[in-house]
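Heads up: the sequence lines are chains A and B, in that order.
According to numbering that gives the first Met the number 0, the residues represented by the first sequence are 0 to 176, in order.
According to numbering that gives the first Met the number 0, the residues represented by the second sequence are 0 to 342, in order.
C-beta atoms are modelled at their ideal positions from N, C-alpha and C, and glycine is treated no differently.
Model, not experiment: these values are computed from the prediction.
To start, the structure itself, in structure tokens.
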Amino acid sequence: MMLCDRCKKNEAVVYLTKIVNGHKQELHLCEKCAEETGHINFAPDNNLSFQKFLSGVLNSHLFENEKEIKDNNNSKSRKVCSRCGSSFEEFSQKGLFGCAECYDAFSEKLEPLMKRIHGSTYHSGKIPRKIRDTVKYRRDINKLKKLMDEAVAEENFEKAAEIRDKIRVIKNSMEED
Amino acid sequence: MNKVKEFNNPLIGKGPEKDVVVSSRIRLARNLENFLFPNKADRKTRSEIIAFLKNNVEVFSSDDYMFMKMDQLDNIEKELLYEKNFISAEHARENSERALVINDNISVMINEEDHLRIQIISPGLNFNELWEKIDLLDDKIEEDVDYAFSEKLGYLTSCPTNVGTGLRASAMCHLPALTLTGRLRNILGAIGKFGLTVRGVYGEGSSSSGGLYQISNQITLGHSEKEIIENLYSILGHIIYEERKSRQLLINNKYDNIKDSVQRSLGILKYSHQIEEEEALKLLAKVKFGHDTGLIEKGDVENDFFSDLLINVRPAHLQISEENIDQENLNIIRSEVIKNKLI
Numbered sequence: 000m001m002l003c004d005r006c007k008k009n010e011a012v013v014y015l016t017k018i019v020n021g022h023k024q025e026l027h028l029c030e031k032c033a034e035e036t037g038h039i040n041f042a043p044d045n046n047l048s049f050q051k052f053l054s055g056v057l058n059s060h061l062f063e064n065e066k067e068i069k070d071n072n073n074s075k076s077r078k079v080c081s082r083c084g085s086s087f088e089e090f091s092q093k094g095l096f097g098c099a100e101c102y103d104a105f106s107e108k109l110e111p112l113m114k115r116i117h118g119s120t121y122h123s124g125k126i127p128r129k130i131r132d133t134v135k136y137r138r139d140i141n142k143l144k145k146l147m148d149e150a151v152a153e154e155n156f157e158k159a160a161e162i163r164d165k166i167r168v169i170k171n172s173m174e175e176d
Numbered sequence: 000m001n002k003v004k005e006f007n008n009p010l011i012g013k014g015p016e017k018d019v020v021v022s023s024r025i026r027l028a029r030n031l032e033n034f035l036f037p038n039k040a041d042r043k044t045r046s047e048i049i050a051f052l053k054n055n056v057e058v059f060s061s062d063d064y065m066f067m068k069m070d071q072l073d074n075i076e077k078e079l080l081y082e083k084n085f086i087s088a089e090h091a092r093e094n095s096e097r098a099l100v101i102n103d104n105i106s107v108m109i110n111e112e113d114h115l116r117i118q119i120i121s122p123g124l125n126f127n128e129l130w131e132k133i134d135l136l137d138d139k140i141e142e143d144v145d146y147a148f149s150e151k152l153g154y155l156t157s158c159p160t161n162v163g164t165g166l167r168a169s170a171m172c173h174l175p176a177l178t179l180t181g182r183l184r185n186i187l188g189a190i191g192k193f194g195l196t197v198r199g200v201y202g203e204g205s206s207s208s209g210g211l212y213q214i215s216n217q218i219t220l221g222h223s224e225k226e227i228i229e230n231l232y233s234i235l236g237h238i239i240y241e242e243r244k245s246r247q248l249l250i251n252n253k254y255d256n257i258k259d260s261v262q263r264s265l266g267i268l269k270y271s272h273q274i275e276e277e278e279a280l281k282l283l284a285k286v287k288f289g290h291d292t293g294l295i296e297k298g299d300v301e302n303d304f305f306s307d308l309l310i311n312v313r314p315a316h317l318q319i320s321e322e323n324i325d326q327e328n329l330n331i332i333r334s335e336v337i338k339n340k341l342i
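Here it is as structure tokens:
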């Protein structure tokens, strides 16, 4: 058993090779001394918050080619949220947005990020009461319009006309409200 | 603000499946449309946010609710709130125009990572009831403010990991048998595939955690609140079943070893003179295991001792039991507090 070079009491479990000014130095430390001298941190890093991890993911260029990195860096420094002045770079360092409009300002870059975090890019949960009806109405109309387009593409004009009438009914009922 | 010292421990009381699920908690992240997010807002704006919410949200000024600015509280009071799980560590320790609204088991942190962090907590597995309540409160708050909301992305939050529902539901689970039998590793590995995440409550990842884990949803976008909660229920249902089965298995096959370990833990707690928090929790978790499985006499411990001590052995709670005590005394008082519950 090799003893720790520092405390000379415990078993050395960390073997370090330091090169200082071209001079090689070998160091054998126990867990406690290695931690105390700041050579290694065994304790779980409590500060590794989700944000820090996230910013690590955002800043990882491991799988990008050089051109992409260049493009990214250029657009990163250019694009700034018009409301709060945050840049995408600031976001990727902090992991936090500065205001609600950042989501619009950086929407292009966010799309793949949302997919990675949530596996989805659309909210399907609660809607604030005040706008619940209008949001639902718009969602219904959009859904029907999509179906109508599909019907037209399939040259199923009878079905398309049916859907068109449905849309009218919904629109009329909303206007009456 | 002497009242802070009298707030109830939200983990105490009856709750479904409490032998495995110690407590349930739901929080909603919400932001106001008209203000920059707290991390970007300057001191003045943050102070305006507090004033705006205090003056405009009617439910906050009803009799049941208490509105307080964090800088009105002394350090001990803030730590008490943190130890009772009403606020985060940052909210207790960082003094930058933060506020808190509290009503029984509901707390609303103002100017935490988001403008509003609405939270509700209760003993046992209770997500449906908690969701109903927090949903109602959220509606009431929304009557008086405009939330930052996008049709596509839902409720907008400072961190994109919370966007969408802004909902995080978490269950504190006591899984000593799954930990002991090593079966937990397989289960935890599978959990990630269901959009859930697990972390050890004390002593992250170490065996000293006493088998306490926080299980919560990771994904907040793309599923409704009800779906998130149903998903959590079905996974937890399976975990509860597996944990109980493992407990029975351990008792059937390793009765003497298990009983010995439980009784030893009880012995140390009963006869030690001073004890550190981490050791206390680890031993208490063993005794809880023995209590839930009938390995120790019912009369040996108070029924809700675990939920009680989980909070009452923490430093600030010990400090209010006596004035001016140093760390060594803290460990002596902790030991006394525990002995009182163990009869």
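Next on the checklist: For chain B, check one thing: does any of its Cβ atoms lie closer than 8 Å to the Cβ of Pro127(A)?
Outcome noted: Chain B, which has a Cβ nearer than 8 Å to the Cβ of Pro127(A), makes this yes.
Item to check | Interfacial residues, the segment 136-152 of chain B to chain A, with Cβ spacing under 7 Å | outcome: For the segment 136-152 of chain B, residues whose beta-carbon sits nearer than 7 Å to a beta-carbon of chain A comprise Asp138, Glu141, Tyr146, Ala147, Phe148, Ser149, Glu150, Lys151, Leu152.
Checklist entry - Using the C-alpha atoms, what's the distance from Asn55(B) back to Glu141(B)? => result One alpha carbon belongs to Glu141(B), the other to Asn55(B), and they sit about 10 Å apart.
Checklist entry - Listing by chain order, which chain B residues have their CB less than 7 Å from the CB of Lys78(A)? => result Within 7 Å Cβ-Cβ: nothing; Lys78(A) doesn't reach chain B, min ~16 Å.
Checklist entry - At which residue ranges does the segment 101-136 of chain B contain complete beta strand (DSSP E) runs of 3 or more residues, listed in the order of the chain? => result The segment 101-136 of chain B contains these whole beta strand (DSSP E) runs: 105-109, 115-122.
Checklist entry - Where do the ends of the beta strand (DSSP E) carrying Ser23(B) lie? => result Ser23(B) -> beta strand (DSSP E) spans 20-29.
Item to check | Closer than 7 Å: Pro122(B) CB and nearest the ligand ADP heavy atom | outcome: As for the ligand ADP, it is missing from this structure, which has no ligand bound.
Checklist entry - What number of angstroms, rounded off, separates the C-alpha of Asp86(B) from the C-alpha of Leu27(B)? => result A small fix is needed here, since residue 86(B) is Ile in this sequence, not Asp. Those two C-alpha atoms are separated by around 13 Å.
Checklist entry - If the cut is a Cβ gap below 8 Å, which residues of chain C does Ser215(B) touch? => result No chain C is part of this structure, whose protein chains are labelled A and B.
Next on the checklist: Whole angstroms are fine: how far does the CA of Asp113(B) sit from the CA of Val162(B)?
Outcome noted: Going by the C-alpha atoms only, they are around 11 Å apart.
Next on the checklist: Let me confirm a value: Tyr102(A) is counted as buried when at least 16 other C-beta atoms fall within 10 Å, else exposed. Which label applies?
Outcome noted: Buried is the call here.
Item to check | DSSP three-state assignment for Tyr146(B), whether helix, strand or coil | outcome: The answer is strand: DSSP assigns Tyr146(B) an E or B state.
Item to check | Where Gly188(B) falls: helix, strand or coil (DSSP) | outcome: Gly188(B) falls in the helix class under three-state DSSP.
Item to check | the segment 233-251 of chain B contacting the segment 176-192 of chain B, beta-carbon criterion three pairs below 8 Å | outcome: Under the 8 Å Cβ criterion, the segment 233-251 of chain B counts as touching the segment 176-192 of chain B, having at least three qualifying pairs.
Item to check | Val197(B) - containing beta strand (DSSP E), residue span | outcome: Note, Val197(B): beta strand (DSSP E), 195-199.
Item to check | DSSP beta-bridge partners of Cys172(B) | outcome: According to DSSP, which records beta bridges pairwise, Cys172(B) is partnered with Val20(B), Tyr212(B).
Next on the checklist: Quick check on DSSP: helix, strand or coil for Thr164(B)?
Outcome noted: Under the three-state reduction of DSSP output, Thr164(B) falls in the coil class, being neither helix nor strand.
Checklist entry - Do you know how far the Cα of Asp63(B) is from the Cα of Glu301(B)? => result If I take the Cα positions, the gap works out to 30 Å.
Item to check | Near-chain A residues of the segment 300-332 of chain B (beta-carbon distance less than 9 Å), N- to C-terminal order | outcome: Cβ contacts with chain A: none found.
Next on the checklist: Output needed for Phe304(B): all residues of its chain with C-beta closer than 6 Å, excluding positions within five of it in sequence on either side, in chain order.
Outcome noted: For Phe304(B), where only same-chain residues beyond five positions count, the Cβ hits under 6 Å are Lys340.
Checklist entry - With a CB to CB cut of under 7 Å and the five nearest residues on each side skipped, what residues in its chain are close to Ser149(B)? => result Contacts found: Leu155.
Checklist entry - Would you say the segment 218-235 of chain B touches the segment 163-172 of chain B, given that touching needs at least three Cβ pairs under 8 Å? => result Yes, the segment 218-235 of chain B touches the segment 163-172 of chain B.
Next on the checklist: Just to confirm my understanding: we take Ile186(B), look at its own chain, exclude 5 residues before and 5 after, and list those with CB closer than 7 Å. What are they?
Outcome noted: Spatial neighbours of Ile186(B) in its own chain (CB-CB distance under 7 Å, excluding positions within 5 residues in sequence) are listed in chain order as Leu177, Ile238, Glu241.
Checklist entry - Distance, Cα to Cα, Arg42(B) vs Ile116(A)? => result If you take the alpha carbons of Arg42(B) and Ile116(A), they lie about 31 Å apart.
Checklist entry - Candidates Asn74(B), Ile218(B), Glu111(B), Asp70(B): which alpha carbon is nearest Leu112(A)'s? => result Out of Asn74(B), Ile218(B), Glu111(B), Asp70(B), Ile218(B) has the C-alpha closest to the C-alpha of Leu112(A).
Next on the checklist: Here's the rule: buried if 16 or more other CB atoms are within 10 angstroms of the residue's CB, otherwise exposed. What is Phe156(A)?
Outcome noted: Exposed.
Checklist entry - How is Phe66(B) classed by DSSP in three states: helix, strand or coil? => result DSSP places Phe66(B) in strand when its eight states are reduced to three.
Checklist entry - What residues from chain B crowd round Leu112(A), counting only those whose CB sits closer than 7 Å? => result Those within 7 Å of Leu112(A) in chain B are Pro159.
Next on the checklist: Distance cutoff 8 Å, beta carbons only. Does Glu32(B) sit that close to anything in chain A?
Outcome noted: Yes, Glu32(B) counts as interfacial toward chain A.
Item to check | Pro127(A), buried or exposed, once every other Cβ within 10 Å from all chains shown has been counted against 16 | outcome: Buried: at least 16 other Cβ atoms inside 10 Å.
Item to check | Bridge-paired residues (DSSP) for Leu99(B) | outcome: According to DSSP, Leu99(B) bridges with Met67(B), Met108(B).
Checklist entry - Thr120(A) to Leu235(B), Cα distance in whole Å? => result Roughly 26 Å separates the two Cα atoms.
Next on the checklist: Just to make sure I have the definition right: I need the residues of chain A whose C-beta is within less than 9 Å of the C-beta of Phe36(B). Which are they?
Outcome noted: Around Phe36(B), the beta-carbon contacts reaching into chain A at under 9 Å are Cys83, Leu95, Phe96, Gly97, Cys98, Ala99, Cys101.
Checklist entry - Counting pairs of Cβ atoms below 8 Å between the segment 120-134 of chain B and the segment 157-173 of chain A, do you hit three or more? => result The segment 120-134 of chain B, when compared against the segment 157-173 of chain A, does not touch it at the 8 Å Cβ threshold.
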